[in-house]
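With this note's numbering, letter number 230 in the sequence shown gets 230, and the count goes up by one each step, no holes.
Encoded as structure tokens, the structure appears first; notes follow it.
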Amino acid sequence: MASSKAAASPSIIVTGCSSGIGAHCARALTAEGWRVFATVRREEDRAGLEAEGIETFLMDYTQPDTIAALVEAVLARTGGRLDALFNNGAYGQAGAVEDLTVEVLRMQFETNVFGWHDLTRRVIPVMRRQGHGRIVQCSSILGIVPYRWRGAYNASKFALEGLSLTLRMELAGSGIHVSLIEPGPIASRFTANALAHIEKSIDLENSVHAEEYRRQLRRLRGESKPARGKLGPEAVQAVLRHALTAKAPRPHYVVTSPARQGALLKKLLPAALFYRIIGRLG
Numbered sequence: 001m002a003s004s005k006a007a008a009s010p011s012i013i014v015t016g017c018s019s020g021i022g023a024h025c026a027r028a029l030t031a032e033g034w035r036v037f038a039t040v041r042r043e044e045d046r047a048g049l050e051a052e053g054i055e056t057f058l059m060d061y062t063q064p065d066t067i068a069a070l071v072e073a074v075l076a077r078t079g080g081r082l083d084a085l086f087n088n089g090a091y092g093q094a095g096a097v098e099d100l101t102v103e104v105l106r107m108q109f110e111t112n113v114f115g116w117h118d119l120t121r122r123v124i125p126v127m128r129r130q131g132h133g134r135i136v137q138c139s140s141i142l143g144i145v146p147y148r149w150r151g152a153y154n155a156s157k158f159a160l161e162g163l164s165l166t167l168r169m170e171l172a173g174s175g176i177h178v179s180l181i182e183p184g185p186i187a188s189r190f191t192a193n194a195l196a197h198i199e200k201s202i203d204l205e206n207s208v209h210a211e212e213y214r215r216q217l218r219r220l221r222g223e224s225k226p227a228r229g230k231l232g233p234e235a236v237q238a239v240l241r242h243a244l245t246a247k248a249p250r251p252h253y254v255v256t257s258p259a260r261q262g263a264l265l266k267k268l269l270p271a272a273l274f275y276r277i278i279g280r281l282g
């Protein structure tokens with residue numbers, strides 16, 4: 001049975017808590033008095049969070065049964081209530097668009113879009129019944145400004161943006177607020193995971209882009225200069241706090257100077273010039 005303190009605490013599901021943004025936000029929210037239900041994909045990633053008193057569950061966005069089990073277990077512990085959801089777990093599939101097989105693209109969407117949609121749909125009825133709720137989606141500046149060699153990831157985040165903004169409009173007046181966080185470069189294991197996925201999924205040596213891939217791999221392995229303006233996950237936590245607690249949370253929270261600059265340039269510059277400039281990056 002939940003303690004009176006736990007019962008009085010606002011509750012939130014935070015996904016992708018093995019490291020980086022998710023792990024930091026789960027710990028910070030717990031320190032701020034939230035009852036955090038954190039998800040990880042591997043059993044070995046649970047121990048550290050559990051040792052800190054964070055209730056942790058195994059959940060894989062590509063496995064609908066684990067999403068259903070997560071929601072059922074959380075609601076059983078909260079008496080059928082949930083105040084917030086922070087969809088965060090994702091990965092970035094690098095590679096030129098012409099080198100992406102349909103299977104590789106489909107898996108990117110299974111993890112970054114369809115799984116998020118499944119989990120979100122399962123918590124909306126709960127939030128409707130209680131008359132309030134916050135849904136925060138950790139998108140990316142690449143959901144606004146596309147980069148070369150990131151077509152699959154760009155596409156998944158562009159899709160998430162459209163789906164989430166439509167949901168925000170459709171939930172107006174329900175007491176449920178939807179916000180998007182759009183980070184630029186953040187210190188995490190994201191780059192290491194991207195390296196693993198490109199090596200696994202792209203025929204690097206036989207591509208017409210083989211030389212470019214070698215350059216990209218050097219960057220991903222840390223053999224070239226680090227990304228400009230990279231911040232720690234606390235930068236995301238700062239805007240997440242606002243999205244969860246503000247009376248009128250914003251639809252967009254752009255994080256890091258490079259991300260803000262990219263979003264501003266897209267608004268100000270003619271499209272042809274903007275995409276020519278962006279096409280030299282990445």
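Glycine is no exception: its CB is placed at the ideal position from the N, C-alpha and C atoms.
Since we're looking at a predicted model, the values are computed, not measured.
Selected residue, minimal CA-CA separation from V113, among I135, R128 and T62: T62
Proximity below 7 Å, CB of A187 to CB of K230: yes
Proximity winner among R129, R250, F158 and I277, relative to L142 (alpha-carbon distances): F158
Euclidean distance between Cα positions of I176 and T101: 37 Å
Residues near H197 by beta carbon distance below 8 Å, same chain, minus five either side: Y91, G92, Q93 and A94
A38 and A51 closer than 7 Å at C-beta: no
Short Cβ contact (7 Å threshold) for R219 with P258: no
Validate contact between the stretch 248-262 and the stretch 132-142 using beta carbons, cut 8 Å, 3 pairs: yes
Ranges of the alpha helix (DSSP H) found wholly within the stretch 119-186, counting only runs of at least 4: 151-170
Span separating the alpha-carbon of L244 from that of E72: 22 Å
G232 classed as buried or exposed, judged by whether at least 16 other C-beta atoms fall within 10 angstroms: exposed
Contact the stretch 145-160 vs the stretch 120-130: 3+ CB pairs below 8 Å: no
V74 in three-state terms, based on DSSP: helix
Straight-line Cα distance separating C138 from P183: 8 Å
Own chain residues within Cβ distance below 8 Å of V239, not counting five before or after: I181, Y253 and V255
Reduced DSSP category for E98 - H, G, I as helix; E, B as strand; rest coil: helix
Distance between beta carbons of I67 and G115, contact taken as under 8 Å: 7 Å
T66 in three-state terms, based on DSSP: helix
Inter-residue Cα distance where the pair is G162 and V178: 12 Å
6 Å CB neighbourhood of E103 in its chain, flanking five on each side removed: none
Where the alpha helix (DSSP H) through A259 begins and ends: S257 to L268
Cα-Cα separation between P121 and E32, rounded to whole angstroms: Checking the sequence shown, residue 121 turns out to be Arg, not Pro. Going by the C-alpha atoms only, they are around 27 Å apart.
With 16 other Cβ atoms within 10 Å as the buried cut-off, status of L268: exposed
Exposure of N87, with buried meaning 16 or more beta-carbon neighbours within 10 Å: buried
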